[in-house]
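*Asks:* Under full-length UniProt numbering, the first residue of the sequence shown is numbered 1, with each subsequent residue one higher. A virtual CB, placed ideally from N, CA and C, is assigned to each residue, including glycine. None of the values given here were measured: they were computed from a predicted structure.
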Amino acid sequence: MTEGSALRRLRAGPGTGPGEDARVTDPVAAARGLAADLLAPEAAAVEAAGSVPRTHLDRLADAGFHGLTGPAEAGGADADPATVAAVVEELAAGDLATTFVWLQHLGVVGRLRSAGPPELRAAFLADLCAGRRRAGIALQAALRPGPPAIRARRDGAELVLDGAVPWVTGWGLVDLVLVAARDGDDVLFVLADARDGPTLTATPQPMVAVAASRTVELRLTGHRVPAGRLLHTAPLADLLAGDAAGLRLNGSLALGLALRCTRLVGPSPLDDELAAVRTGLDTAGPAGLPGARAAAAAFAHRASGALVAATGSSAVRTGSVAERTAREAAFLLVFGSRPAIRAELLVRLGAAGG
Numbered sequence: 001m002t003e004g005s006a007l008r009r010l011r012a013g014p015g016t017g018p019g020e021d022a023r024v025t026d027p028v029a030a031a032r033g034l035a036a037d038l039l040a041p042e043a044a045a046v047e048a049a050g051s052v053p054r055t056h057l058d059r060l061a062d063a064g065f066h067g068l069t070g071p072a073e074a075g076g077a078d079a080d081p082a083t084v085a086a087v088v089e090e091l092a093a094g095d096l097a098t099t100f101v102w103l104q105h106l107g108v109v110g111r112l113r114s115a116g117p118p119e120l121r122a123a124f125l126a127d128l129c130a131g132r133r134r135a136g137i138a139l140q141a142a143l144r145p146g147p148p149a150i151r152a153r154r155d156g157a158e159l160v161l162d163g164a165v166p167w168v169t170g171w172g173l174v175d176l177v178l179v180a181a182r183d184g185d186d187v188l189f190v191l192a193d194a195r196d197g198p199t200l201t202a203t204p205q206p207m208v209a210v211a212a213s214r215t216v217e218l219r220l221t222g223h224r225v226p227a228g229r230l231l232h233t234a235p236l237a238d239l240l241a242g243d244a245a246g247l248r249l250n251g252s253l254a255l256g257l258a259l260r261c262t263r264l265v266g267p268s269p270l271d272d273e274l275a276a277v278r279t280g281l282d283t284a285g286p287a288g289l290p291g292a293r294a295a296a297a298a299f300a301h302r303a304s305g306a307l308v309a310a311t312g313s314s315a316v317r318t319g320s321v322a323e324r325t326a327r328e329a330a331f332l333l334v335f336g337s338r339p340a341i342r343a344e345l346l347v348r349l350g351a352a353g354g
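1) According to DSSP, is G222 helix, strand or coil?
2) If we ignore side chains and look at the alpha-carbon of each, how far apart do A194 and T169 end up?
3) Quick one: is G70 buried, meaning 16 or more other Cβ sit within 10 Å of its Cβ, or exposed?
4) Nearest-angstrom Cα distance between C129 and A192?
5) Closest by CA to T215, which one among G116, A315 and V101?
6) What first and last residue would you give for the beta strand (DSSP E) that runs through A152?
7) Straight-line CA distance for F189 to C261?
8) Alpha carbon to alpha carbon, how far is R219 from R134? Give it in angstroms, no decimals.
9) For A45, does the three-state DSSP call read helix, strand or coil?
10) Just to confirm, are V28 and G67 a CB contact at a threshold of 9 Å?
11) Going by CA-CA distance only, name the one from D155, L139, N250 and P286 that's closest to A244.
12) Going by alpha carbons, who is nearest to D58 out of T201, A237, G131 and R151?
13) Considering only residues of the same chain and omitting the five flanking positions on each side of T99, which have a CB-CB separation below 6 Å?
14) Grab me the residues of A31's own chain with a C-beta within less than 6 Å of its C-beta, minus the 5 sequence neighbours each way, in chain order.
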């Protein structure tokens, strides 16, 4: 399979025609068209440049995707979870790095919509839905059991944040970052400006894949944020108890990578396996989601191997679709992982007993 024929096959499927407003079409078809026309053809160049271009995020915003989970009154699409998952899958099939940056923004929109106080919703939600402002997340370091990696304390009309967040995506591309910080047994979710300064420093993370996502370690040293930027507060125990319920959407990244592989390989038994893995994610309850997530990541890893084999010797050339996809599949084996997901993956990959 040549590189050109691979891209032509990936472009197969309905899309958005010239002059057609993606906002008023089926968002899944619009995502498929945008991935085929822009994201997939430019994915290698994006990786080589080391940064997702702002123009890619502009195109996503123009298509209405920055407000996909936002309410209609703020200019959002108010999409249902199944539609959101399918859009993530289609975009990830085109370019994982761009989708990875955008997905963090979508999480902030959803959390602001569901838990934000009226004044923060009024100040930020419409701009975030339109893509006039873009947001990232710095959450997981404060949500792990054990000693907090990042703490918050109140000082008059300000919140003071201290600690480090090892994985923050989109630095330099986002205007705001939603930071989770511990205050005793509670977790505070704070909307901070994403600007380097004396109390906020970012160190690039060298990554084997999606390096263009501009993922950094973020260190906060006495960083002050107005108390009015507090989105909400929740007990850590409640967040940990409900963590599994939020695992479904990240699974769409693995599904998107596998979808890319199936389209490039052509009709094969992988098509039915992809449908089964997708159904497993869609139907799993909270208790079953870690296993379903592991199944998706393991399948994407195996599908990428099939793509390498189907492509042949050109797959080992740096920058080829197959080579990049194999590295991205390895990345998704650990992205957003949890102990239960890791344990299940080790079983599926033959490194532990079932």
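*Replies:* So, to answer that:
1) Taking the first residue of the sequence shown as position 1, residue 222 is located at position 222. Residue state for G222 is assigned as strand, using DSSP reduced to three classes.
2) If you number the sequence shown from 1, residue 194 lands on position 194. If you number the sequence shown from 1, residue 169 lands on position 169. Taking the straight line joining both Cα atoms gives about 11 Å.
3) As a position in the sequence shown, residue 70 is number 70, starting the count at 1. By the neighbour-count rule (16 or more Cβ atoms within 10 Å), G70 is buried.
4) Here residue 129 corresponds to residue number 129 of the sequence shown, with the count starting at 1. Here residue 192 corresponds to residue number 192 of the sequence shown, with the count starting at 1. Rounded to the nearest angstrom, the two C-alpha atoms are 18 Å apart.
5) Residue numbering aside, residue 215 sits at position 215 when the sequence shown is read from its first letter. Comparing Cα positions, the closest option is V101.
6) Start at 1 with the first residue of the sequence shown, and residue 152 comes out as number 152. I150 to D155 is the span of the beta strand (DSSP E), which, as asked, contains A152.
7) For the purposes of this step, residue 189 is identified with residue 189 of the sequence shown, where counting begins at 1. For the purposes of this step, residue 261 is identified with residue 261 of the sequence shown, where counting begins at 1. Spanning the two alpha carbons is a distance of roughly 37 Å.
8) Taking the first residue of the sequence shown as position 1, residue 134 is located at position 134. Taking the first residue of the sequence shown as position 1, residue 219 is located at position 219. If you take the alpha carbons of R134 and R219, they lie about 20 Å apart.
9) Counting from 1 along the sequence shown, the entry for residue 45 is found at position 45. A45: helix per DSSP, three-state reduction.
10) Locating residue 28 in the sequence shown gives position 28, counting from the first residue. Locating residue 67 in the sequence shown gives position 67, counting from the first residue. No, Cβ-Cβ distance for V28 and G67 is not below 9 Å.
11) Your numbering for residue 244 matches position 244 in the sequence shown. When only C-alpha atoms are compared, the closest one is P286.
12) Taking the first residue of the sequence shown as position 1, residue 58 is located at position 58. Taking only the C-alpha atoms, the option nearest D58 is G131.
13) The count along the sequence shown starts at 1 and reaches residue 99 at position 99. These residues qualify, in order along the chain: L91 and A92.
14) For the purposes of this step, residue 31 is taken as residue 31 along the sequence shown, with counting starting at 1. For A31, where only same-chain residues beyond five positions count, the Cβ hits under 6 Å are V87, E90 and L91.
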